[in-house]
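Listed in order, the protein sequences are those of chains A and B. With the working numbering, you'll find the first sequence wraps up at 216, consecutive numbering, no jumps. With the working numbering, you'll find the second sequence wraps up at 432, consecutive numbering, no jumps. Have a look at the structure below before the remarks.
Number of protein chains: 2
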Amino acid sequence: MKVRVESLTVSVDGYVAGPHQSLENPMGVGTSGLHAWAFSTRTFQQKVMGADGGATGVDDEIAARGFTNIGAWILGRNMFGPIRGPWPDDEWRGWWGDNPPYHVPVFVLSHYPREAIEMEGGTTFNFVTGGIREALALAREAASGKDVRIGGGANTIRQFLDEGLIDEMHIAVSPVIIGAGESLFHGINLRELGYSCKKHAGTELATHFFISRDSG
Amino acid sequence: MKVRVESLTVSVDGYVAGPHQSLENPMGVGTSGLHAWAFSTRTFQQKVMGADGGATGVDDEIAARGFTNIGAWILGRNMFGPIRGPWPDDEWRGWWGDNPPYHVPVFVLSHYPREAIEMEGGTTFNFVTGGIREALALAREAASGKDVRIGGGANTIRQFLDEGLIDEMHIAVSPVIIGAGESLFHGINLRELGYSCKKHAGTELATHFFISRDSG
Chain A
1 MKVRVESLTV SVDGYVAGPH QSLENPMGVG TSGLHAWAFS TRTFQQKVMG ADGGATGVDD
61 EIAARGFTNI GAWILGRNMF GPIRGPWPDD EWRGWWGDNP PYHVPVFVLS HYPREAIEME
121 GGTTFNFVTG GIREALALAR EAASGKDVRI GGGANTIRQF LDEGLIDEMH IAVSPVIIGA
181 GESLFHGINL RELGYSCKKH AGTELATHFF ISRDSG
Chain B
217 MKVRVESLTV SVDGYVAGPH QSLENPMGVG TSGLHAWAFS TRTFQQKVMG ADGGATGVDD
277 EIAARGFTNI GAWILGRNMF GPIRGPWPDD EWRGWWGDNP PYHVPVFVLS HYPREAIEME
337 GGTTFNFVTG GIREALALAR EAASGKDVRI GGGANTIRQF LDEGLIDEMH IAVSPVIIGA
397 GESLFHGINL RELGYSCKKH AGTELATHFF ISRDSG
């Protein structure tokens, strides 16, 4: 059972999201093109957009890995939706419509309790108020032997990295400059935490780096 | 006449040098493999090491660009040598022996004045105490129409970037994790300064990003 980050996309200058995030601009300003490699793939088009088409090839193979052998997901609350503070009601059910692309239990980190939501297609959204270790314990159990994928956002991934809880991390570096926003690496010493880069692969749209812990 | 940064190598986590730099470990700890792409090239072997051999190919073509049409260099003092504070005497003449790989005037930023040093092969080391704009004015004049290359280190490049003085920057991202040290991008908003990534090319050893200003 591994804890994995997949398809986490970073700009050349190290940002996973730009400044001034909003409902209209959930990734913040200056992020145009950041996820071009993912959008281009058949995996993303089919699994996330519910559309036909999309390209096969290296980018697609890498995107597809991210959906293989995943038994549960963990999401930060901002990745689940734009609402901050206490839940005003039960209306918001994620960005993804009635049948979200997860199809397994999803654990959403939140400071505010909420009843679990059962969606179509096998996805349930469970709200965890006890922090990342509680979420991970619940996700491990729900995954019953499969891997747990940490979906994001940056803040959530940084919390897991900080405690050395991530086993494997795939980072795609896109050829864009964002300038400011959420930095993935600043202030986290991945080397001291035992991580190193084991492999990389470049395509027209991104360079993929595969990072994992040397021990444990 | 352009001001260029060439072959500046960054780890996946955004560091150009590790912590604890010393005479024995001039790049700091954890930087093993960072410059593997450059060392591998025929250009580096011939021009910097004075050796035979080295590989041709994309990495080499890119390394060779960095020595093309350069009329003057600017170096930070730490890149010139390990001595800090006032010059104790005139003994230190750079890391590179009697015939350094520059073969043009080099302007070394320092807080402490020193007489210029004429080396073999056309390199002169000139010491500039007035800061980066004075160094750039002198380098431009000395380059007589050719480009000025900012050799580094990180702190010097960041000073030039901060003032938008660099026209073109080639960054190589190596598949290594350094963990801590000198960050190239932290706190500098390259997007606001007008920079964007125009091109990239991946090899077995690095991904090369070509960044330039959109205007000016």
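Where is the CB? At the ideal position from N, CA and C, for every residue including glycine. Bear in mind that the values here come from a model prediction, so they are computed numbers and not experimental data.
Quick check: the Cα distance between residue i and residue j, rounded to an integer number of angstroms?
{"i": "serine 110(A)", "j": "isoleucine 150(A)", "result": "15 Å"}
{"i": "asparagine 405(B)", "j": "glycine 179(A)", "result": "4 Å"}
{"i": "alanine 355(B)", "j": "isoleucine 393(B)", "result": "34 Å"}
{"i": "arginine 293(B)", "j": "glycine 368(B)", "result": "9 Å"}
{"i": "glycine 432(B)", "j": "threonine 340(B)", "result": "Only weak support is given to the placement of glycine 432(B): the predicted model assigns it a pLDDT of 48, under 50, and the question is left unresolved by the model."}
{"i": "leucine 291(B)", "j": "proline 113(A)", "result": "57 Å"}
{"i": "glycine 297(B)", "j": "tryptophan 308(B)", "result": "7 Å"}
{"i": "glycine 287(B)", "j": "serine 390(B)", "result": "28 Å"}
{"i": "cysteine 413(B)", "j": "glycine 313(B)", "result": "36 Å"}
{"i": "glycine 234(B)", "j": "glutamine 262(B)", "result": "26 Å"}
{"i": "valine 48(A)", "j": "leucine 409(B)", "result": "35 Å"}
{"i": "glycine 57(A)", "j": "leucine 205(A)", "result": "12 Å"}
{"i": "isoleucine 171(A)", "j": "serine 360(B)", "result": "44 Å"}
{"i": "arginine 191(A)", "j": "arginine 213(A)", "result": "9 Å"}
{"i": "glycine 380(B)", "j": "proline 317(B)", "result": "27 Å"}
{"i": "alanine 142(A)", "j": "glycine 50(A)", "result": "25 Å"}
{"i": "serine 256(B)", "j": "aspartate 276(B)", "result": "8 Å"}
{"i": "serine 332(B)", "j": "glycine 28(A)", "result": "Serine is not the amino acid found at residue 332(B); the sequence shown has alanine there. Those two C-alpha atoms are separated by around 50 Å."}
{"i": "threonine 364(B)", "j": "leucine 184(A)", "result": "According to the sequence displayed, residue 364(B) carries valine and not threonine. Cα-Cα distance, rounded: 33 Å."}
{"i": "glutamate 398(B)", "j": "alanine 55(A)", "result": "38 Å"}
{"i": "glycine 417(B)", "j": "threonine 9(A)", "result": "Position check: residue 417(B) holds alanine in this sequence, whereas glycine was assumed. Alanine 417(B) and threonine 9(A): Cα-Cα distance of roughly 17 Å."}
{"i": "aspartate 162(A)", "j": "aspartate 305(B)", "result": "47 Å"}
Is residue i close to chain A, meaning its C-beta is less than 8 Å from at least one C-beta of that chain?
{"i": "asparagine 241(B)", "result": "no"}
{"i": "valine 172(B)", "result": "Residue numbering for chain B in the displayed model covers 217 to 432; residue 172(B) lies beyond these limits and cannot be assessed."}
{"i": "asparagine 405(B)", "result": "yes"}
{"i": "valine 232(B)", "result": "no"}
{"i": "phenylalanine 425(B)", "result": "yes"}
{"i": "histidine 402(B)", "result": "yes"}
{"i": "glycine 246(B)", "result": "yes"}
{"i": "glycine 432(B)", "result": "Any reading at glycine 432(B) must be qualified, since the residue scores a pLDDT of 48, below 50, and its modelled position is unreliable; the value itself is stated next. Glycine 432(B) does not count as touching chain A."}
{"i": "valine 221(B)", "result": "no"}
{"i": "glycine 418(B)", "result": "yes"}
{"i": "asparagine 285(B)", "result": "no"}
Out of the options, which one is the CA nearest neighbour of residue i?
{"i": "tryptophan 87(A)", "options": "Gly50(A), His170(A), Thr129(A), Glu24(A)", "result": "Thr129(A)"}
{"i": "threonine 423(B)", "options": "Met265(B), Asp430(B), Leu250(B)", "result": "Leu250(B)"}
{"i": "arginine 300(B)", "options": "Ser428(B), Val322(B), Ser238(B)", "result": "Ser238(B)"}
{"i": "glycine 53(A)", "options": "Ser32(A), Arg42(A), Thr68(A), Trp37(A)", "result": "Arg42(A)"}
{"i": "glutamate 350(B)", "options": "Phe376(B), Ile333(B), Glu334(B), Ala279(B)", "result": "Phe376(B)"}
{"i": "serine 223(B)", "options": "Gly397(B), Lys362(B), Phe283(B)", "result": "Phe283(B)"}
{"i": "methionine 119(A)", "options": "Leu136(A), Ala137(A), Trp95(A)", "result": "Trp95(A)"}
{"i": "alanine 64(A)", "options": "Val12(A), His186(A), Val5(A)", "result": "Val5(A)"}
{"i": "phenylalanine 343(B)", "options": "Glu384(B), Asp229(B), Met295(B)", "result": "Met295(B)"}
{"i": "glycine 121(A)", "options": "Pro105(A), Glu24(A), Asn99(A)", "result": "Asn99(A)"}
{"i": "valine 324(B)", "options": "Gly347(B), Asp306(B), Asp305(B)", "result": "Gly347(B)"}
{"i": "valine 106(A)", "options": "Asp89(A), Trp73(A), Ala36(A)", "result": "Trp73(A)"}
{"i": "histidine 20(A)", "options": "Asp162(A), Ser11(A), Thr31(A)", "result": "Thr31(A)"}
{"i": "histidine 319(B)", "options": "Asp305(B), Leu352(B), Asn285(B), Asp306(B)", "result": "Asn285(B)"}
Between residue i and chain B, is there a C-beta pair that is closer than 8 Å?
{"i": "tyrosine 195(A)", "result": "yes"}
{"i": "glutamate 192(A)", "result": "yes"}
{"i": "aspartate 13(A)", "result": "yes"}
{"i": "serine 183(A)", "result": "yes"}
{"i": "histidine 20(A)", "result": "no"}
Does the ligand FAD have a heavy atom nearer than 7 Å to the CB of residue i?
{"i": "aspartate 162(A)", "result": "Looking at this structure, you won't find the ligand FAD or any other ligand, since it has none at all."}
Next item on the list: Determine which residues of the stretch 165 to 181 of chain A have a Cβ less than 8 Å from any Cβ of chain B, and write them out in chain order.
Entry: Ile171, Val173, Pro175, Val176, Ile177, Ile178, Gly179, Ala180
Could you pull out every unbroken beta strand (DSSP E) segment of at least 3 residues lying fully inside the stretch 163 to 209 of chain A, listed in chain order? The beta strand (DSSP E) runs of length 3 or more contained entirely in the stretch 163 to 209 of chain A are, from start to end of the chain, 168 to 174, 195 to 202.
Counting only Cβ-Cβ distances shorter than 7 Å, please list the residues of the stretch 320 to 348 of chain B near chain A, keeping chain order. If the cut-off is 7 Å between Cβ atoms, the stretch 320 to 348 of chain B has nothing near chain A.
* Whole runs of the alpha helix (DSSP H) within the stretch 129 to 158 of chain A, excluding any shorter than 4 residues -> 132 to 143
**Study point:** beta strand (DSSP E) runs contained entirely in the stretch 240 to 306 of chain B, provided each spans 3 or more residues
**Key:** Entirely contained in the stretch 240 to 306 of chain B, the beta strand (DSSP E) runs reaching 3 residues are, in chain order, 286 to 291.
Residues of the stretch 29 to 60 of chain A with Cβ closer than 8 Å to any Cβ of chain B, in chain order:
Gly30
Suppose only complete runs of 3+ residues qualify. What are the beta strand (DSSP E) ranges in the stretch 96 to 124 of chain A, listed by chain order? 105 to 109
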